[in-house]
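Number of protein chains: 2
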Amino acid sequence: MNSQLKRGTLELCVLSLLCRGDCYGYELVNRISECMQITEGTIYPLMKRLKDNGVIDSYIVESQEGPPRKYYKITESGREEKEKLLSEWFGFVDSINALLKGDNG
Amino acid sequence: MNSQLKRGTLELCVLSLLCRGDCYGYELVNRISECMQITEGTIYPLMKRLKDNGVIDSYIVESQEGPPRKYYKITESGREEKEKLLSEWFGFVDSINALLKGDNG
DNA sequence: CAGGCTACCTTGCGACACAAAGTACCTTGA
DNA sequence: TCAAGGTACTTTGTGTCGCAAGGTAGCCTG
């Protein structure tokens, strides 16, 4: 899969998932990789950026199945950011599709 | 506009336009910038990459309105590449929208 | 000949996906 | 008891590529 396409949408995917409930990083990797190829080396740096920007918070929860999990929770500013990205995404798709439309192969 | 979103789609836009007829670089900038912000610093390096990859060819045409124009023409392998990118694009949009779908705000 | 449009090209920077490697916890089974 | 394998987080380095900025050069008008 074209890795360049993912740029700019991964953040939206993560925020969208977190809107529905807190997740830990490893879980996010598994859930997102159901629909696009993704690895931990992508998610963890992204989560750090998002936290630095204040759109998510995190907290640690002990686990019986392995090391402690770092759960991420979306903030109020994160929800606003998600709405912004969502409308940007739909607008972008529309404008690309419009440009591609005159295409007869 | 989110510059990250453009990644991976610019090539498709250019190839799609060239499928409908030869264009020169400056013209491509103008036509594409009708639907997304783009500058020459983006297009010219991209055209060079595309030519190096053999998906486009170029030829020079004199102009009465200024310096000579370098026209770009899509190759057979470029048309195949375009078809590949096109289906990748639609598949990508579908999978992102599917992931976003469970989203209740 | 200055100013402005057309047209091309290059350099340098920054953002970010991702491979790779490291740390550490748990359970299972020989 | 100790390897093996799964879970989970983190960091480092590399490569791609959009884009601002700056340069060259042709054409036309006043």
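From first to last, the protein sequence lines are chains A and B. Counting in this note's numbering, the first sequence runs from 913 upward without gaps. Counting in this note's numbering, the second sequence runs from 913 upward without gaps. Ideal Cβ placement from N, Cα and C applies to all residues, glycine included. Remember, predicted model here, so these are calculated numbers, not experimental data.
- Residue nearest to A/Asp934 within the set A/Lys994, A/Ser989 and A/Ser970 is A/Ser970 (criterion: CA-CA distance).
- Going by DSSP, A/Val973 is part of the beta strand (DSSP E) stretching over Ile968 to Val973.
- Between A/Gly1014 and B/Arg991 a beta carbon distance of about 16 Å is seen, past the 8 Å cut, so the two are scored as non-contacting.
- Among the residues of chain B, none has a CB under 7 Å from the CB of A/Cys935; the nearest is roughly 13 Å distant.
- Assigned with DSSP and collapsed to three states, A/Cys935 falls in strand.
- Around the beta carbon of B/Glu993, a 10 Å sphere encloses 16 or more other beta carbons of the protein chains shown; the residue is thus reported as buried.
- When CB distances to chain A are screened at a threshold of 7 Å, the residues of the region 1003 to 1015 of chain B falling below it are Phe1004, Val1005, Ser1007, Ile1008, Ala1010, Leu1011, Leu1012, Gly1014 and Asp1015, in chain order.
- Here A/Ile955 is not near A/Leu930, since their CB atoms are 8 Å or more apart.
- Within the model, the alpha-carbon separation for B/Asn1009 versus B/Lys918 is close to 17 Å.
- Scanning chain B for C-beta atoms nearer than 8 Å to the C-beta of A/Ser999 yields nothing, as the closest lies near 11 Å away.
- In the DSSP assignment, A/Ile1008 falls within the unbroken alpha helix (DSSP H) covering Glu988 to Lys1013.
- Residues of chain B with a Cβ closer than 8 Å to the Cβ of A/Asn914 are, in chain order, Gly920, Leu997, Glu1000 and Phe1004.
- Straight-line measurement puts the Cα of A/Thr987 at about 28 Å from the Cα of B/Phe1004.
- Scanning its chain for C-beta atoms nearer than 6 Å, with the 5 sequence neighbours on each side dropped, one finds around A/Leu997 the residues Leu924, in chain order.
- Annotation for B/Met913: no alpha helix (DSSP H) segment contains it, and DSSP assigns it neither H nor E.
- Judged by DSSP secondary structure, A/Thr954 falls within the alpha helix (DSSP H) whose first and last residues are Glu952 to Asp964.
- Assignment of beta-bridge partners to A/Arg981 by DSSP yields A/Val973.
- Take A/Gly966, set aside five residues on each side of it, and the residues of its chain with a beta-carbon closer than 8 Å to its own are Thr987, Ser989 and Gly990, in chain order.
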